[in-house]
Every structure is written in C-alpha cells, then in structure tokens.
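Everything on this sheet refers to the single structure shown next.
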Amino acid sequence: MAHDPSARPSTPPTTQASTSPFDRQQRMSGIKKVIAVSSGKGGVGKSTVAANLALALGQKHRVGLLDADIYGPSVPRLFGALHQKPTINSEQKITPIERLGLKLMSIGFLVEEETAVVWRGPMLFKAMDQFLRDVDWGPLDFLIIDLPPGTGDVQLTLAQKVALSGAVAVTTPQNLALADVKKAIDMWKRVQVPLLGVVENMAYFVNPTTQERIQMFPKGELESYLAREKLRKLAEIPLNPAVSLASEMGIPIMGSHPTSFEARAFLKMAEDLAELM
Ligand SMILES: Nc1ncnc2c1ncn2[C@@H]1O[C@H](COP(=O)(O)OP(=O)(O)O)[C@@H](O)[C@H]1O
Ligand SMILES: [Mg+2]
Numbered sequence: 028m029a030h031d032p033s034a035r036p037s038t039p040p041t042t043q044a045s046t047s048p049f050d051r052q053q054r055m056s057g058i059k060k061v062i063a064v065s066s067g068k069g070g071v072g073k074s075t076v077a078a079n080l081a082l083a084l085g086q087k088h089r090v091g092l093l094d095a096d097i098y099g100p101s102v103p104r105l106f107g108a109l110h111q112k113p114t115i116n117s118e119q120k121i122t123p124i125e126r127l128g129l130k131l132m133s134i135g136f137l138v139e140e141e142t143a144v145v146w147r148g149p150m151l152f153k154a155m156d157q158f159l160r161d162v163d164w165g166p167l168d169f170l171i172i173d174l175p176p177g178t179g180d181v182q183l184t185l186a187q188k189v190a191l192s193g194a195v196a197v198t199t200p201q202n203l204a205l206a207d208v209k210k211a212i213d214m215w216k217r218v219q220v221p222l223l224g225v226v227e228n229m230a231y232f233v234n235p236t237t238q239e240r241i242q243m244f245p246k247g248e249l250e251s252y253l254a255r256e257k258l259r260k261l262a263e264i265p266l267n268p269a270v271s272l273a274s275e276m277g278i279p280i281m282g283s284h285p286t287s288f289e290a291r292a293f294l295k296m297a298e299d300l301a302e303l304m
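Residues in the sequence shown are numbered consecutively from 28, following this note's numbering.
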C-alpha cells in the first residue's frame, strides 16, 4: 500500500472545508514518513515498541523518534539519556539528542520528569507545536512518534497538524486491553489516518526451562477482531524480562541483543512497514 498523505481528502465528511482543522495539516519538511505509535491503554508496551521499531528501521534508514507522551515521557530513560539537554542551533532550532544512530526528542529532555504532569491544554498544544516545528530533525526517512495512551488531545492535535503517513496500534492479548485499542483504531479511522497494523505485545511467555508457552494474559478476541476489520498483525512480541531489562539499562533490546527473537521480530516488522508504505 503506497500511501501519499497529500492525497488525503482536504474536506472531512462532517466539517465545512473552510474551517476544517485538517486543512492546516502540514508535511514536516525533510521527513518522508511519519508513523504514530498508539495504544488504548498505558503500560502495554507502546514506548518499548516505538523505541525498538525506530532502532530496527534505523538499520537501513535515517530515523527520528519523537516522544509525544507529554505526561509520561519514556525516551530519555529508554536511551540512557536522562540528563541530556538539547542545544539550540544558530537557526534557533532545537537539536535532537543522538543515540544509537537515532535522533531523539522528548519533553523529558526539556523539563524535569514531574513538571509536565500539571500542564493543561494550551501548554500542551504549545509543546507539541514546538516539537513539530522547532526541532532540527534534518532529512529523515522515518519519524516515529510515541503517543500518550488513549484518544485525547495530543493525538487529535497531531492528526490535525501533521500529515501522518500511518499509525501503529499496540495492545496486549486480553479483551480488557482490546476494548481500549479498538477506540484508538476507531480514532485513526475518523481522522483518516491509515492504520498500518497492530502489534500484539506480551503475547505469551516462554518458560526458559521447558520451552512451554505460557499465556500470561488470556487470549482474547484479538484475532477475530483483526480478521473482521481486515487489519494486519505487524508483530507478536513475547513477554520476556530481557526486553524490560534492556530498557532499564538504557539500550532497548534491538540495540543490546540484536539477534534475539524479539529483535528479529522488530526487524521483520520494520521491513514489512518500509515495504508497506
Ligand atoms: N515484551 C515485553 N516483555 C517484557 N517487558 C515488557 C515488554 N514490553 C514492555 N515491557 C515492559 O513493560 C513496561 C511498560 O512498557 P512501556 O513500553 O513503558 O509501556 P507504555 O509506553 O505503553 O506505557 C516497561 O517496564 C517495559 O520494559
Ligand atoms: Mg510509554
């Protein structure tokens, strides 16, 4: 599926063309594809997937990772860059932090971890705006955006401001998580952003002694939902302590164990996505 964001209808079905926020959508100059990573719930591994996908794509492409989870930024910690401060260049643009070949930007680089939590609408919008306009990403093949969970202001602002090439939704297998990811998928439909596919994270656990697969979270109706909606499953990532340990150490598993099963799953996902877009 080759998707050209500029080909998206400029008139959404329910609003007048002249006042539509989607008319203000801009392509971010120098960035070929922008992919949003979303989820219904927090804690399902959205940041883990965003970081490892960015690293996997980074093997063959120029990639940036924007942490738009204003309320719970993870990128500084995931990349062992908690105390890094971005600099401002001669053109008054913010220079992203570079790690493992990726360009990184996060509210966590700019304010203390506790500060952004008390922000309200206008400040949130301003921060998002800055991230989209005032960061010197340089030429990129892919910008991955790690969104906050759910379908709130940040997601909608983004859909209005940036011509997203597509979105990825992350969920865990059980119906409790699926119920919420459906809402996220529905949101992308409403704002006419192509849903590239779904990542099933913590899909199962492999007992290291017996190699037996254990269903830590019960299998819900994810498969039948995907089939019914004709949605692609982009990857199935097992629950593996090595994944979270790598993140704790500040080098996501794609960087620390590039030949692991999980890293190979992220690589395959990156290849499929690059081909799909
Ligand atoms: N496949 C996995 N196996 C083991 N731990 C995981 C896996 N995916 C995520 N985690 C861990 O679960 C926690 C939540 O993941 P995170 O990516 O921060 O979720 P979110 O961004 O959706 O809130 C983190 O500690 C992370 O390391
Ligand atoms: Mg997160």
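Glycine included, every Cβ here is placed at the ideal spot set by N, Cα and C.
Is the beta carbon of residue i sitting closer than 9 Å to the one on residue j?
i	j	result
Leu93	Asp168	no
Ala230	Ala211	no
Val208	Gly70	no
Leu261	Leu300	yes
Met55	Ala190	yes
Gly193	Val220	yes
Leu82	Leu127	yes
Pro175	Ala95	yes
Ala254	Trp215	no
Pro268	Phe288	no
Leu159	Asp180	no
Ala105	Gly277	For the sequence presented, residue 105 should be read as Leu rather than Ala. Contact: yes.
Pro200	Lys246	yes
Ile115	Ile124	no
Glu263	Ala290	no
Thr178	Leu249	no
Thr75	Ser283	no
Ala297	Gln182	no
Can you look up residue i in the DSSP assignment and give me helix, strand or coil?
i	result
Glu239	coil
Met55	coil
Met132	strand
Glu248	coil
Leu253	helix
Ser287	coil
Glu298	helix
Leu272	helix
Lys73	helix
Lys260	strand
Ile278	coil
Lys60	strand
Cα separation between residue i and residue j?
i	j	result
Gly91	Trp164	7 Å
Glu302	Leu84	11 Å
Leu294	Arg89	15 Å
Val337	Gln238	Look at the range of the chain in this structure, 28 to 304, and you will see that residue 337 is not part of it.
Pro103	Gly135	6 Å
Gly18	Ser133	Because the chain in this structure spans residues 28 to 304, residue 18 falls outside the shown range and cannot be described.
Leu129	Thr184	24 Å
Asn202	Tyr252	11 Å
Ser305	Gln119	One cannot answer for residue 305 here, as it falls past the ends of the chain, which runs 28 to 304.
Thr286	Met155	35 Å
Pro166	Glu227	31 Å
Gly107	Pro149	30 Å
Val61	Leu223	12 Å
Ala204	Val225	13 Å
Ile97	Gln242	32 Å
Pro279	Gln86	14 Å
Lys73	Ser117	34 Å
Hey, is residue i close to ligand 2, as in C-beta under 8 Å from one of its heavy atoms?
i	result
Lys73	yes
Phe96	In the sequence as displayed, the identity of residue 96 is Asp instead of Phe. Asp96: yes, Cβ under 8 Å from ligand 2.
Gly177	no
Gly69	yes
Ser101	yes
Let me check you understand the geometry: is the CB of residue i closer than 8 Å to at least one non-hydrogen atom of ligand 1?
i	result
Asp173	yes
Leu266	yes
Ser271	yes
Met229	yes
Val76	yes
Glu275	yes
Val189	no
Ser287	no
Ser283	no
Ser133	no
Ser117	no
Ser66	yes
State yes or no: is the beta carbon of residue i nearer than 9 Å to at least one beta carbon in chain C?
i	result
Arg126	Included in the structure is just one protein chain, with no chain C present.
For this session: Would you mind listing the alpha helix (DSSP H) stretches within the segment 158-229 that are 4+ residues and don't spill past its ends, in chain order?
Result: 180-188 and 202-217
Problem set entry | Start-end ranges of the beta strand (DSSP E) lying completely within the segment 76-117, minimum 3 residues | 90-94
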